[in-house]
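Taking it in order: structure first as C-alpha cells, then the write-up.
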Amino acid sequence: MIQNLLSDNPLLDFSGLPKFDQVQASHVTPAIDKLLGDGRVLLQKLGTDSHPPTWDNFASRLEDLEEHISRAWSQVSHMNAVVNSPELREAYNANLPKLTAFYADLSQDERLYAKFRELRASKTYASLNAAQRKIVENELRDFRLGGAELPQDKKARFKAIQEELSTLSAKFEENLLDTTNAYALFIDHADQLKGIPPDALEAAQQAAKQDAKSGWKFTLHFPSYMPLLQYADNRGLRETLYRAYATRASEFGQPQWDNTPLIASILKLRREAAQLLGYANYAEVSLATKMAQAPAQVTDFLQTLAVRAKPFAQRDMQELQAYAADQLGLKELQAWDIAYVSEKLREEKYAFSDQEVKQYFPEQQVLHGLFKVTETIFGVHVRPSQAPVWHKDVNFYEIIGRDGNLVGQFYLDLYARNNKRGGAWMDEAITRRKTLQTLATPVAFLTCNFSAPMGDKPAQFTHDEVITMFHEFGHGLHHLLTKVDEYGVSGIKGVEWDAVELPSQFMENFCWEWEVLRHMTRHAETGAHLPRALFDKMVAAKNFQAGMQTMRQIEFSLFDMRLHGEFDPYGRQTALDLIEQVRDEVAVVRPPKWNRFPNNFSHIFAGGYAAGYYSYKWAEVLSADAYSLFEENGVLSEETGHRFWSEILAQGGSRPALESFVAFRGREPTIDALLRHNGMTA
Ligand SMILES: [Zn+2]
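Spelled out as C-alpha cells, the structure:
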C-alpha cells in the first residue's frame, strides 16, 4: 500500500507541471514523509562528508532538496488555500509541523554552517558565478543571524530569548484580541444612530440578536467600528467608541490585558539578542537582511519625506477644519471627528460610486489590457494554454519570448468561492532553475477573490480590483521573467523584504494611466470607453488627504525605527514618551494624550515588521521612481521595458536590490516621483 502511494504519488513527480487532476489528500503524508526522510539522510551525508565542499557536491545538493520539498508542498498549501476540504486541511495541518521542524533543524545545523564557511574560504569559491556566491553569502548571513557563531553558553541564552520573544509576541496579540472581543456597546434607540448606513445597522442588529438582546450592538472589530466612526452623526457615540478603541490593551482596561509591560520586555530582549550577535541594537539586525543599510539612512529618508509632505498634510487638515466649522458646525476638530468629517468632505468633492466605475471594467477587457501592457513593454507574447487545474474556473497561460521560447506559465484563479481563502496573492509553483541536465521554467499561481460572473453577464471589476490584479501580476512577472539559473536567488527568492514590492506596485501605475485605461475599459451596455471626466475624479479621489496619510505612515515608521534603534529600553523614557516626541516632530493630526497606539501596534510587536514598518513607504518610493523613467521615455516604451526586465526582473535576488535599481534608473532612488504621483507638488 505504502509502496503504491509512493510510486504513483503525483506530488513526487517533478517531471513537469503539477498534476492537479490527480493530487489527493491521501498523497500528502506519504510524499512529505518520503521527502523529509530522504532529506534527513542527505543532511547527515553532507554534514559528515570528508571531501572538501564544492558547489556541486554540497550547495547544489541542498538546492535540490529545497526545490523538491517546496515544489511538492506548494501544491499542497495552494490546494489547501483554494479548494479546501476537511481531508486536505487535516493532511495540511498534520504535515506543516514536520516541515517547520525540519527547517528549524536545518537552520541550526552547525555541520552545514561549517561546510558553508569552508566553501566560502576555499579556492573554488572564486570560480562560482555571482548567483552561486550570493546564495553562499546569504546562507552564512542567516546562520550568523540565527546565532550559529555564538559560544555554547551564549547560544543557550540566545535561544531562550527567541523563545521568550515568541511567547511575548503571541501574548501581545492575544491581549489585543481579548480586549477587542470583550468590548460591546449596545444602543436601544434608533435616533442615536442617525447617519450610519443601512448595511452597517443591519449587521449591528444581527449582532445584538445573537447575544439575545434587542437594539444594536457595536464592537471594536473593524467592520463594526469603522462605519460608526465614519458615519454616525452622534458625536458622543463616536467619542465613546474611539476612546475604547484607542485605549485597547492599556492600563485603562483590565490589568491582565495591559500590553505596557510586554512592550518593555520585548524591547529589552530584542536589544539583548542584537548585542549577543554583535550589533548595537535590533534595528541593525533587522536591516541586515534588507535593502536599507543603516537605521540612520531610514530615519533620514523618513525625515526628508516628512519635510516635503508636511505642508500638504497641513493643507489637508486646514481644509478639513474649515469644512467642519463651516458646514458641520464643529469648531474644534477632535480625533473622533476626523473620519466622519473626511467622509463627508470626500463625498462632496468626488461624488462617484464604485458601481458606476465597475460598468467600464468587464473581465475580458481588463485581462486584454493587462496582457497588452505586458506584451508591449517586454516584447513577449501572453497566450492561453492548457494544464491540469484544481477548479473549472481556473485558466492557464504561457508567456513566450521574442525568440519563440517558453519564458514561464501561470494559473489565473480570479473568483471568490466557497472553500477558497480570501485576499489576492501570487505564489510560486515552480521556480526557474537550470542545471546541467534540466531547465525548469517558472510557473506562478495568481489568485484573486473577485465577484464571479452572474448568469451570462461577464464578470465586472471595480477599479480597486483591477489595481489588485495588476499588483499581483507584477509579483508574477518578478517570478516569471527571472533569468537566474540558481534556485535560491531566482525570481523573488532572496530579494530583500523592503524591495520585493517594487515590481508589484510598479505595475499598479498603469491603472492610473489615461492612455492605458481608455483602451482597457468598455462600458457593459454602451461599449463606450471610460469618460475622461470620471477618470479625473478617480485620480483626485486617490490623492484625497494624501498628505495626512503620508505623515501618519511616517509617524509610525519613525517611531518603530527609533524604538528599535536609538531608544534605550533600560532608560527612563517609555515607548509612550517616544511616540509623543515623534508626534511633536511630524504629526499634523494630534491624538489625545490618553491615546495608547503603541499598545495595539501589533505590526511591530507581534508581526514581522519590527524596524521594518518603513518598508511600505520605501517600496512606494522605489516603484514610483522606477515608473518615472517610463514617464520620461513614454509609458509604453519597449526599450525602457527591456531595461526594467534585464536590470530588475531578470536579476531576482542574485544581487542587492539597490544595485539593480541603480543599474535600471542610472542613479539612486529619490522621493520626487512618489510625491508627484500623490499630487504633492507645489
Ligand atoms: Zn504585494
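Sequential numbering of the sequence shown, starting at 7, is according to our numbering.
A virtual CB, placed ideally from N, CA and C, is assigned to each residue, including glycine.
Model, not experiment: these values are computed from the prediction.
Please return the same chain residues whose Cβ sits closer than 7 Å to the Cβ of A300, not counting the five positions on each side in sequence. Mapped onto the sequence shown, residue 300 falls at position 294. The answer, listed in chain order, is L293.
Tell me where the beta strand (DSSP E) around K223 begins and ends. Residue numbering aside, residue 223 sits at position 217 when the sequence shown is read from its first letter. W222 to F224 is the extent of the beta strand (DSSP E) around K223.
Checking 7 Å against the spacing of the C-beta atoms, do L183 and F224 come in under that value? The residue labelled residue 183 in the question sits at position 177 within the sequence shown. The residue labelled residue 224 in the question sits at position 218 within the sequence shown. The answer is no: Cβ separation not under 7 Å.
Is it buried or exposed for Y576, if we count other Cβ within 10 angstroms and need 16 for buried? The residue you call residue 576 lines up with position 570 of the sequence shown. Using a 10 angstroms sphere on the CB of Y576, the tally of other CB atoms stays under 16, which defines it as exposed.
Going by Cα to Cα distance, which pick from V594, E653 and L582 is closest to W600? Position 594 of the sequence shown, counted from the start, is the residue given in the question as residue 600. Selected option, being the one with the closest Cα: L582.
If you measure from the CB of S629, is any heavy atom of ligand 1 nearer than 6 Å? Translated into positions along the sequence shown, residue 629 becomes position 623. False, no ligand heavy atom lies under 6 Å from that Cβ.
Exposure label - M7; buried when at least 16 CB within 10 Å: By one-based count along the sequence shown, residue 7 stands at place 1. Summary for M7: the model assigns pLDDT 45, below 50, so the residue's position carries little reliability, and this model does not support an answer.
Per-residue DSSP class, three states only, for Y421: Residue mapping note: residue 421 aligns to position 415 of the sequence shown, counting from 1. If DSSP states are grouped into helix, strand and coil, Y421 belongs with the strands.
Keeping to the same chain, check which residues put their C-beta closer than 6 Å to that of P252; ignore five residues upstream and five downstream. For the purposes of this step, residue 252 is taken as residue 246 along the sequence shown, with counting starting at 1. The residue you asked about is not Pro; residue 252 is Ala in the sequence shown. Counting only Cβ-Cβ distances below 6 Å, and skipping sequence neighbours, we find N601.
Does the Cβ of S621 lie closer than 6 Å to at least one heavy atom of ligand 1? Taking the first residue of the sequence shown as 1, we reach residue 621 at position 615. S621: no, Cβ never under 6 Å from ligand 1.
Excluding the 5 residues preceding and the 5 following L275 in the sequence, name in chain order all residues of the same chain whose CB lies nearer than 8 Å to its CB. As a first step, residue 275 is located in the sequence shown; it is residue number 269 there, counting from the start. So the list reads I167, E170, L171 and L174, once near-sequence residues are dropped.
Please classify G335: does DSSP put it in a helix, a strand, or coil? Stepping through the sequence shown from its first residue, residue 335 is reached at position 329. The three-state reading of DSSP puts G335 in coil, since its state is none of H, G, I, E or B.
Distance cut-off 6 Å: E507 Cβ against heavy atoms of ligand 2: Among the ligands modelled here, namely ligand 1, ligand 2 does not occur.
For G482, count neighbouring C-beta atoms within 10 Å of its own C-beta (all shown protein chains included) and say buried if the count is 16 or more, exposed if not. Translated into the one-based positions of the sequence shown, residue 482 becomes position 476. G482 is buried by the Cβ-count criterion.
Which whole-angstrom value is the C-beta distance of V386 and V347, which I expect to be below 8 Å? On the sequence shown, residue 386 is found 380 positions in, with the first residue counted as 1. On the sequence shown, residue 347 is found 341 positions in, with the first residue counted as 1. That pair is no contact at about 48 Å.
Sequence-distant residues of the same chain with beta carbon closer than 6 Å to T556, five excluded per side: The residue given as residue 556 occupies position 550 in the sequence shown. Correct list, in chain order: A315.
For A458 versus F416, is the C-beta distance shorter than 7 Å? Sequence index remark: in the sequence shown, residue 458 carries index 452 (1-based). Sequence index remark: in the sequence shown, residue 416 carries index 410 (1-based). Not a contact, by the Cβ cut-off of 7 Å.
Extent of the continuous alpha helix (DSSP H) to which L41 belongs: Working through the sequence shown from its first residue, we reach residue 41 at position 35. From DSSP, the alpha helix (DSSP H) with L41 extends over V34 to T54.
Which listed residue (S128, G152 and E93) has its alpha carbon closest to that of A110: Position 104 of the sequence shown, counted from the start, is the residue given in the question as residue 110. It is G152 whose Cα lies nearest to the Cα of A110.
How about L48 and L71: are their beta carbons less than 7 Å apart? Numbered from 1 along the sequence shown, position 42 holds the residue referred to as residue 48. Numbered from 1 along the sequence shown, position 65 holds the residue referred to as residue 71. Contact flag set, yes.
Within 7 Å, strictly: CB atoms of L508 and L628: Position 502 of the sequence shown, counting from 1, holds the residue named residue 508. Position 622 of the sequence shown, counting from 1, holds the residue named residue 628. By the CB criterion at 7 Å, L508 and L628 fall inside the cutoff.
Roughly how many angstroms separate the alpha carbons of A302 and T453, rounded to a whole number? For the purposes of this step, residue 302 is identified with residue 296 of the sequence shown, where counting begins at 1. For the purposes of this step, residue 453 is identified with residue 447 of the sequence shown, where counting begins at 1. If I take the Cα positions, the gap works out to 38 Å.
Using CA coordinates, which residue listed in W651, T687 and A270 is at the minimum distance from E381? To locate residue 381, count along the sequence shown from 1; it is residue 375. That would be W651, whose Cα lies nearest to the Cα of E381.
Considering Cα atoms alone, identify which of A341, Y615 and Q327 is closest to G335. The sequence position of residue 335 within the sequence shown is 329, counting from 1. Of A341, Y615 and Q327, the residue nearest in Cα terms is Q327.
Three-state secondary structure (DSSP) of D343: Here residue 343 refers to the residue found at position 337 of the sequence shown. In this structure, D343 counts as helix in the three-state DSSP scheme.
Which residue comes first and which comes last in the alpha helix (DSSP H) that contains R123? Locating residue 123 in the sequence shown gives position 117, where the first residue counts as 1. Taken as a continuous stretch (DSSP letters only), the alpha helix (DSSP H) holding R123 covers E116 to A127.
Pick helix, strand or coil for M432, following the three-state DSSP scheme. As a position in the sequence shown, residue 432 is number 426, starting the count at 1. Strand, per DSSP.
Whose CA, out of Y98, W518 and E143, lies closest to the CA of M544? The residue given as residue 544 occupies position 538 in the sequence shown. Ranking the options by Cα distance to M544, first place goes to W518.
In the DSSP assignment, the beta strand (DSSP E) including S391 goes from what residue to what residue? Numbered from 1 along the sequence shown, position 385 holds the residue referred to as residue 391. First-last of the beta strand (DSSP E) with S391: H387 to S391.
N- and C-terminal bounds of the beta strand (DSSP E) containing F456: Taking the first residue of the sequence shown as position 1, residue 456 is located at position 450. Its beta strand (DSSP E) spans residues V449 to F456.
Go to E653, then tell me how far its alpha helix (DSSP H) extends in each direction, as first and last residue. Sequence index remark: in the sequence shown, residue 653 carries index 647 (1-based). Looking at the DSSP string, E653 is not in any alpha helix (DSSP H), and its letter there is neither H nor E.
Between which two residues does the alpha helix (DSSP H) containing N181 stretch? What you label residue 181 is simply residue 175 of the sequence shown in a count that begins at 1. Q158 to A188 is the extent of the alpha helix (DSSP H) around N181.
Report whether the distance from the Cβ of S113 to the nearest heavy atom of ligand 1 is below 6 Å. Sequence index remark: in the sequence shown, residue 113 carries index 107 (1-based). Incorrect: S113 has no Cβ contact closer than 6 Å to ligand 1.
Hey, would you say W396 sits closer than 7 Å to V89, going by beta carbons? Residue 396 sits at position 390 when you count from the first residue of the sequence shown. Residue 89 sits at position 83 when you count from the first residue of the sequence shown. Against a cut-off of 7 Å, the Cβ pair of V89 and W396 comes out as a contact.
Shorter than 7 Å from the beta carbon of P36 to some beta carbon of chain D? Note that chain D does not occur in the displayed structure, where there is just one protein chain.
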